[in-house]
Amino acid sequence: MNNTNGQTKDAGWDVGVRKTVDAPLDVVWVFLLGKGLDIWLGNTRLSLEKGARYETDDDISGHIISVSDKSRIRMTWQPGEWDHDSVLHVTVKTTPIGTTIGFEQERLANRDERKIMLTHWKEVLDRLQHGLLEVTKRS
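Here it is as structure tokens:
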């Protein structure tokens, strides 16, 4: 059986993960762009202007494609060892029980890369949830 779960028709492979956290959207958005930035992107400065470039201390680089305030960041994302970039969507959405954070990554090269990134983004969401728990406990 040929497993093509996560394979798109014309953009390679993609992966998406989501988690709902017990925090209001405004708190989550500020956290993602502040203290939580290091968790999901790495140590860098991130300007949300279209075309703004970034590079992390972990050799991940890219640029901002578009931003919808308190909703979505669309950006390229490329580790130094990759020969291609990918497109990363970071989303937040209010739900009746908190805020759902989502990471969707497109243009992955193959099934193995997809598997690696699925594990990565699941771990990122767990770490973000823990970080937000610490922030909301203090307020």
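Sequential numbering from 1052 applies to the sequence shown in our numbering. Quick reminder that beta carbons are idealized off the backbone N, C-alpha and C, glycines included.
Exercise for review: State yes or no: is the C-beta of I1115 within less than 9 angstroms of the C-beta of L1092?
Suggested key: Here I1115 is not near L1092, since their CB atoms are 9 angstroms or more apart.
Practice item. May I have the straight-line CA-CA distance separating D1177 from T1170, to the nearest angstrom? Key: C-alpha separation (whole angstroms): 11 angstroms.
Exercise for review: Just the C-alpha distance for K1144 and D1134, rounded to the nearest angstrom, thanks.
Suggested key: Between the C-alpha atoms of K1144 and D1134 there is a straight-line separation of about 32 angstroms.
Exercise for review: Compare the Cα-Cα distances from H1140 to each of R1123, T1151 and D1163 and report the closest residue.
Suggested key: If we check each option's Cα against that of H1140, R1123 comes out closest.
Review point. Less than 9 angstroms separating the beta-carbons of I1152 and V1072?
Key: Contact check for I1152 against V1072 passes: the beta carbons are separated by less than 9 angstroms.
**Study point:** Exposed unless 16 or more other CB atoms sit within 10 angstroms - verdict on G1131
**Key:** With fewer than 16 other Cβ atoms from the protein chains shown falling within 10 Å of its own Cβ, G1131 counts as exposed.
Practice item. Starting from the C-beta of V1118, find all residues in its chain whose C-beta is less than 6 angstroms away, skip the five residues before and the five after it, and write them out in chain order. Key: For V1118, same chain residues with a beta-carbon under 6 angstroms away, outside a window of 5 residues either side, are L1099 and I1124 in chain order.
Practice item. Mind checking which residues open and close the alpha helix (DSSP H) that includes W1182? Key: Note that residue 1182 is Gly in the sequence shown here, rather than Trp. It spans R1162 to R1189 - the alpha helix (DSSP H) in which G1182 sits, taken as one unbroken run.
Exercise for review: Using 10 angstroms around the beta-carbon of V1066, count the other beta-carbons present and answer buried if the total reaches 16, otherwise exposed.
Suggested key: Flag for V1066 reads buried.
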